[in-house]
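In full-length UniProt numbering, the protein residues as written are 1 to 259.
Note that beta-carbon positions come from the ideal geometry of N, C-alpha and C, so glycine has one too.
Source: prediction; values computed, not measured.
To start, the structure under review is shown below, and the notes come after it.
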Amino acid sequence: MLDDGFGKGKGGRAVAFTQYPQYSTTTTGSSLNELWKVREEMEGEEAKRDPAGVIQWSTIDRWPTHPGLVEAFARNIEEGLKRYPEERREKVTLVFSAHSLPMSVVNKGDPYPAEVAATVYAVMQRLNFSNRYTLSWQSAVGPSAWLGPQTYTTVQNFVKRGQSDILIIPIAFTSDHIETLYEIDREIIADAKSDGVRRVESLNGSKVFIEGLAGLVKGHLEKGEKCSRQFLLRCQKTTSERSLGMKRFFAGEKGDQVL
């Protein structure tokens, strides 16, 4: 980017587009903090003279209920349900799974659990609530308390109750990685010991998903917005000056509205 003359006093426009649909201070928040910290290097000496910098920054900081995202998830679920015999499809239980958070983060007011739940509800609404569904959490580590219930335990309990047809949907991941290919496929599904426990395809390079991303960026650029309205609200128990400075920077002229 710098080799092309972007920044270094020459201006330009950049959009910090998170690939985490649901906002958390531990993911999008920390990424934007890091970007804000290194932007002086990206923008050159001019950034030190003008706090606003020379690059016109904006951010797509969350998109949990964007129609393109919802449609992409819904279509993958519909395809996943087709893998079951027709007479069993409506009895399949949908288990939406998202990466968990330490309760110490949740109790500060992190918006992630609510935004994940919003995605789940929007997807089920698109599916006309065709199946029973639940939301669980995965990837907890260490002895401290994490947001639950855990996906592993949820699936195990359903199978013990006789619910052998379960479709797992990674609702906070947009591509395959160790938490889908290993944790879900090789631990959660393998240990369930039921042929009816399966996972939907991840969004990856889905045409519907990519078109949704393009539409999201197009809308952001056309509106000329700096950030979402929700971005102006910090967690209720946060005292981080870095978080405050980062949000004020990306919010631009609305920076004084950050709470």
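Could you work out which residue in the options is closest to residue i when comparing CA atoms only?
{"i": "SER136", "options": "GLN125, THR151 and VAL123", "result": "THR151"}
{"i": "PRO67", "options": "GLY245, GLY212 and CYS235", "result": "GLY212"}
{"i": "THR239", "options": "SER31, GLU34 and GLY109", "result": "GLY109"}
{"i": "ILE188", "options": "THR25, GLN156 and GLU34", "result": "GLN156"}
{"i": "SER206", "options": "GLU86, ASN76 and ALA16", "result": "ASN76"}
{"i": "GLU222", "options": "PRO85, SER58, THR119 and THR28", "result": "SER58"}
{"i": "MET103", "options": "ILE210, GLU90, ALA16 and VAL141", "result": "VAL141"}
{"i": "GLN163", "options": "PHE173, LYS193 and THR26", "result": "LYS193"}
{"i": "LEU69", "options": "GLY215, PHE249 and GLU34", "result": "GLY215"}
{"i": "GLU115", "options": "GLU241, GLN230, PHE249 and GLY245", "result": "GLN230"}
With a CB to CB cut of under 8 Å and the five nearest residues on each side skipped, what residues in its chain are close to residue i?
{"i": "LEU232", "result": "LYS247, ALA251, LYS254, GLN257, VAL258 and LEU259"}
{"i": "LYS237", "result": "ASN107, LYS108 and GLY109"}
{"i": "VAL120", "result": "PHE96, TYR133, LEU135 and ILE171"}
{"i": "VAL217", "result": "VAL15, PHE17 and ILE60"}
Rounding to the nearest angstrom, what Cα-Cα distance links residue i and residue j in this structure?
{"i": "LEU127", "j": "TYR20", "result": "23 Å"}
{"i": "ILE60", "j": "GLY224", "result": "11 Å"}
{"i": "PHE96", "j": "VAL38", "result": "36 Å"}
{"i": "SER144", "j": "ARG198", "result": "30 Å"}
{"i": "LEU101", "j": "TRP146", "result": "6 Å"}
{"i": "TRP36", "j": "GLN22", "result": "20 Å"}
{"i": "THR28", "j": "GLU71", "result": "23 Å"}
{"i": "PRO85", "j": "HIS177", "result": "29 Å"}
{"i": "SER202", "j": "GLU179", "result": "11 Å"}
{"i": "LEU181", "j": "PHE173", "result": "12 Å"}
{"i": "LEU2", "j": "VAL54", "result": "Per-residue confidence for LEU2 stands at a pLDDT of 49, beneath the threshold of 50, marking its modelled position as unreliable; no derived number is given."}
{"i": "LYS226", "j": "GLU90", "result": "43 Å"}
Report the partner residues of residue i according to the DSSP bridge assignment.
{"i": "GLN138", "result": "HIS99"}
{"i": "TYR133", "result": "LEU94"}
{"i": "PHE17", "result": "ILE60"}
{"i": "GLN150", "result": "TRP137"}
For residue i, collect the residues of the same chain with a Cβ closer than 6 Å to its Cβ; drop the 5 residues on either side in sequence, then sort them by chain order.
{"i": "ASN131", "result": "VAL92 and LEU94"}
{"i": "GLY80", "result": "LEU167 and VAL200"}
Would you check if the distance between the CB atom of residue i and the CB atom of residue j is smaller than 7 Å?
{"i": "SER175", "j": "ARG62", "result": "no"}
{"i": "LYS56", "j": "ARG13", "result": "A small correction: the amino acid at residue 56 is Gln; Lys does not occupy that position in the sequence shown. Yes; because the gap between Cβ atoms is below 7 Å, this pair is in contact."}
{"i": "VAL123", "j": "PHE158", "result": "no"}
{"i": "GLY118", "j": "THR154", "result": "Reading the sequence as shown, one finds Ala at residue 118 and not Gly. Contact: no."}
{"i": "SER243", "j": "TYR112", "result": "no"}
With a threshold of 7 Å on Cβ separation, who are the neighbours of residue i within its own chain once the five nearest residues in sequence on each side are excluded?
{"i": "GLU183", "result": "GLN138 and SER139"}
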